[in-house]
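Q:
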Amino acid sequence: MPNNQQQEQSQASGSSPWQSVKNDWGADKQAFDMPWGKLMMWIFLLSDTFIFSIFLISYMNVRMSVTVPWPNPSEVFALTIAGHHIPLVLIAIMTFILITSSGTMAMAVNYAYQGNKKKAVYLMVTTALLGASFIGMQAFEWTKLIVEEGIRPWENPMGANQFGAAFFMITGFHGLHVSAGVIYLGMIAKRISQGKYDNKGYQIVEITGLYWHFVDLVWVFIFAFFYLW
Amino acid sequence: MMKQHTATQRVTSNVPQQHPISMYLKVWLLLFVLSACSYMVDYFQFQGTLRWTLILAFMFLKAGLIIMVFMHLAWERMAVKLLLFLPPIAIFIFIVLMSSEADYVFISRMVSFFNP
Chain A
1 MPNNQQQEQS QASGSSPWQS VKNDWGADKQ AFDMPWGKLM MWIFLLSDTF IFSIFLISYM
61 NVRMSVTVPW PNPSEVFALT IAGHHIPLVL IAIMTFILIT SSGTMAMAVN YAYQGNKKKA
121 VYLMVTTALL GASFIGMQAF EWTKLIVEEG IRPWENPMGA NQFGAAFFMI TGFHGLHVSA
181 GVIYLGMIAK RISQGKYDNK GYQIVEITGL YWHFVDLVWV FIFAFFYLW
Chain B
1001 MMKQHTATQR VTSNVPQQHP ISMYLKVWLL LFVLSACSYM VDYFQFQGTL RWTLILAFMF
1061 LKAGLIIMVF MHLAWERMAV KLLLFLPPIA IFIFIVLMSS EADYVFISRM VSFFNP
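Those protein sequences? They're chains A and B, same order as listed. Read in order, the letters of the first sequence correspond to residues 1 to 229 in the working numbering. Read in order, the letters of the second sequence correspond to residues 1001 to 1116 in the working numbering.
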């Protein structure tokens, strides 16, 4: 323990201001009564909140200041299924899928803390599969918009040019988060089934769950502000 | 003896309370209903203040349920809630600033580009 010895020595011989900062932050003090990984995930999610907020605020800013009409999302994202023209239907299905995946994730956390490893792993894999189907639908939506509707980040045939930029930026960044979440869930589920957390405890499932619920949370805001406005 | 006591305390404080699965299923169902409601806002094409009130109400209810129940924030300590809810005040101020800025830009564009 060379660090502790150093600390003790310098404390004995009158400490510098920097030493006091080091002591304060390195000392055995704890503000948040939770595993460090969970606290770090919360702080990461807080910073991610700011990133998504900035995207949504910039979208609000361009949408409120354009002088040409904004394309009607209800029409742009409508699908014709079996002869019926249904507005926003794919987005509604995607919303339900993400909420369902959040539900299965919450139950995975619960079973993990009960010590039911098998059920926790199955539910995490279900969550990851639902997330993957969400990405698949988003890929379908993007393809439809780019190929059939001719929407580009710089122009589109329905109205304000900024529509494409805001849409691809916001949903793209969210889709990236979902993709990362699917990989993260898959990795953690594999590690749990390998028994790597048997001695450490299953807080990792809750930490993974926090990330996944956050992705669902962001979608709630995107759904309200981008698709329903 | 003393050491053992603190050790067991630590373990119990790290393992969160257990909730019955039925609670998650109820919240899940509620989120489904709320999502269906917000979809109906668009389906029935409500407009104006009513539309915005409904959209924001359903949005905040859903967000609150996800944060408080699914992310277990309701059972966390006050310090954690402050950590998560105080910084977003800056986001709220930024929204107010940018919406007034956007109004200004819109008026400037109308005055400069659409007036001969």
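Glycine is no exception: its CB is placed at the ideal position from the N, C-alpha and C atoms. All of these numbers come straight from a predicted model, not from anything done at the bench.
Kindly indicate if chain B contains any beta-carbon less than 8 Å away from that of A:Tyr113.
A: Numbered from 1 along the first sequence, position 113 holds the residue referred to as residue 113 of chain A. Closer than 8 Å: yes.
Q: Using the C-alpha atoms, what's the distance from B:Leu1050 back to A:Ser58?
A: Translated into positions along the first sequence, residue 58 of chain A becomes position 58. Translated into positions along the second sequence, residue 1050 of chain B becomes position 50. Going from the Cα of A:Ser58 to the Cα of B:Leu1050 covers about 25 Å.
Q: Please classify A:Gly83 as buried or exposed, where buried requires at least 16 other C-beta atoms within 10 Å of its C-beta.
A: The residue labelled residue 83 of chain A in the question sits at position 83 within the first sequence. Exposed, by the Cβ-count rule.
Q: Identify which residue in A:Phe96, A:Ala78, A:Thr95 has its Cα closest to the Cα of A:Leu88.
A: Position 88 of the first sequence, counting from 1, holds the residue named residue 88 of chain A. When each option's Cα is compared against that of A:Leu88, the closest is A:Ala78.
Q: If the cut is a Cβ gap below 7 Å, which residues of chain A does B:Gln1047 touch?
A: By 1-based counting over the second sequence, the position of residue 1047 of chain B is 47. Within 7 Å Cβ-Cβ: nothing; B:Gln1047 doesn't reach chain A, min ~11 Å.
Q: How many Å lie between A:Glu75 and B:Tyr1043 at the Cα?
A: In the first sequence, residue 75 of chain A corresponds to position 75, counting from 1. In the second sequence, residue 1043 of chain B corresponds to position 43, counting from 1. Each residue's Cα considered, the two are about 11 Å apart.
Q: Within the chosen definition, does the stretch 138-153 of chain A reach the stretch 100-112 of chain A through at least 3 CB pairs nearer than 8 Å?
A: no
Q: Got a sec: is the Cβ-Cβ distance from A:Leu176 to anything in chain B below 8 Å?
A: The residue labelled residue 176 of chain A in the question sits at position 176 within the first sequence. Interface with chain B (8 Å Cβ-Cβ cutoff): A:Leu176 is excluded.
Q: Which term fits B:Asp1103, buried or exposed, when burial requires 16 or more other beta carbons within 10 angstroms of its beta carbon?
A: Locating residue 1103 of chain B in the second sequence gives position 103, counting from the first residue. B:Asp1103 should be labelled exposed.
Q: Are the CB atoms of B:Phe1046 and B:Leu1034 nearer to each other than 8 Å?
A: Residue numbering aside, residue 1046 of chain B sits at position 46 when the second sequence is read from its first letter. Residue numbering aside, residue 1034 of chain B sits at position 34 when the second sequence is read from its first letter. Contact flag unset, no.
Q: Could you pull out every residue in the same chain whose Cβ sits closer than 6 Å to the Cβ of A:Phe52, ignoring the five residues on either side in sequence?
A: The residue given as residue 52 of chain A occupies position 52 in the first sequence. Answer for A:Phe52: Val218, listed in chain order.
Q: With DSSP run on the structure shown, which of helix, strand or coil describes A:Ile151?
A: Along the first sequence, one-based indexing puts residue 151 of chain A at 151. If DSSP states are grouped into helix, strand and coil, A:Ile151 belongs with coil.
Q: What residues of chain A sit near B:Val1041, judged by a beta carbon separation below 8 Å?
A: Here residue 1041 of chain B refers to the residue found at position 41 when the second sequence is read from its first residue. The contacting residues are Leu228.
Q: Tell me whether B:Phe1114 counts as near the ligand NAD, meaning its Cβ is closer than 7 Å to at least one heavy atom of that ligand.
A: Annotation note on the ligand NAD: not contained in the displayed structure, which lists no ligands.
Q: Select from A:Phe140, A:Gly136, A:Glu155 the residue whose C-alpha is nearest the C-alpha of A:Val68.
A: Here residue 68 of chain A refers to the residue found at position 68 when the first sequence is read from its first residue. Ranking the options by Cα distance to A:Val68, first place goes to A:Glu155.
Q: Against chain B, which members of the stretch 77-108 of chain A pass a CB distance test of less than 7 Å?
A: Pro87, Leu88, Ala92, Thr95, Phe96, Ile99, Ser102, Gly103, Ala106, Met107
Q: If you reduce the DSSP assignment to three classes, tell me which class B:His1019 lands in.
A: Counted from its first residue, the second sequence places residue 1019 of chain B at position 19. Of the three classes helix, strand and coil, the one that applies to B:His1019 here is coil, per DSSP.
Q: I'd like to know if B:Ile1089 contacts chain A, where contact means its C-beta is closer than 8 Å to some C-beta of that chain.
A: If you number the second sequence from 1, residue 1089 of chain B lands on position 89. No, its Cβ sits nowhere closer than 8 Å to a Cβ of chain A.
Q: B:Phe1070 to B:Lys1062, Cα distance in whole Å?
A: Residue mapping note: residue 1070 of chain B aligns to position 70 of the second sequence, counting from 1. Residue mapping note: residue 1062 of chain B aligns to position 62 of the second sequence, counting from 1. Going by the C-alpha atoms only, they are around 11 Å apart.
Q: Around the Cβ of A:Phe226, are there at least 16 other Cβ atoms within 10 angstroms (buried) or fewer (exposed)?
A: Working through the first sequence from its first residue, we reach residue 226 of chain A at position 226. Under this definition A:Phe226 is a buried residue.
Q: Should A:Met285 go down as buried or exposed, given a rule of 16 or more other Cβ atoms within 10 Å for buried?
A: Any answer about residue 285 of chain A is impossible in this case: the structure gives chain A only from 1 up to 229.
Q: When DSSP builds the beta bridges, which residues end up paired with A:Ile81?
A: On the first sequence, position 81 is the one that residue 81 of chain A refers to. Bridge partners of A:Ile81: A:His84.
Q: State the start and end residues of the unbroken alpha helix (DSSP H) segment that holds B:Phe1044.
A: Start at 1 with the first residue of the second sequence, and residue 1044 of chain B comes out as number 44. No alpha helix (DSSP H) contains B:Phe1044, which DSSP labels as neither H nor E.
Q: Enumerate, from N- to C-terminal direction, the unbroken alpha helix (DSSP H) stretches of 4 or more residues contained entirely within the stretch 104-129 of chain A.
A: none
Q: Please report the distance separating the alpha-carbon of A:Phe140 from that of A:Phe167.
A: As a working note, residue 140 of chain A is residue 140 in the first sequence. As a working note, residue 167 of chain A is residue 167 in the first sequence. Rounded to the nearest angstrom, the two C-alpha atoms are 14 Å apart.
Q: Spell out whether any CB of chain A is found under 8 Å from the CB atom of B:Lys1062.
A: Along the second sequence, read from residue 1 onward, the residue named residue 1062 of chain B stands at position 62. So, interface residue.
Q: Using 8 Å for Cβ pairs, my map puts B:Met1098 next to A:Asn61. What's the rounded Cβ distance?
A: Taking the second sequence and counting its residues from 1, the one referred to as residue 1098 of chain B is at position 98. Taking the first sequence and counting its residues from 1, the one referred to as residue 61 of chain A is at position 61. That pair is a contact at about 5 Å.
Q: Which residues in the same chain as B:Arg1010 place their Cβ atom closer than 7 Å to its Cβ, once the five residues preceding and following it in sequence are excluded?
A: Translated into the one-based positions of the second sequence, residue 1010 of chain B becomes position 10. The predicted model places B:Arg1010 with a pLDDT of 43, which falls under 50 and marks its position as unreliable; any figure quoted below should be read in that light. So the list is empty, once near-sequence residues are dropped.
Q: Would you say A:Val205 and A:Ala112 are within 8 Å of each other, going by their C-beta atoms?
A: The sequence position of residue 205 of chain A within the first sequence is 205, counting from 1. The sequence position of residue 112 of chain A within the first sequence is 112, counting from 1. The answer is yes: Cβ separation under 8 Å.
Q: DSSP on B:Leu1086, reduced to helix/strand/coil?
A: Locating residue 1086 of chain B in the second sequence gives position 86, counting from the first residue. Correct three-state label for B:Leu1086: coil.
Q: Hey, how far is the Cα of A:Leu228 from the Cα of B:Ile1093?
A: In the first sequence, counting from the first residue as 1, residue 228 of chain A sits at position 228. In the second sequence, counting from the first residue as 1, residue 1093 of chain B sits at position 93. Answer to the nearest angstrom: the Cα atoms are 23 Å apart.
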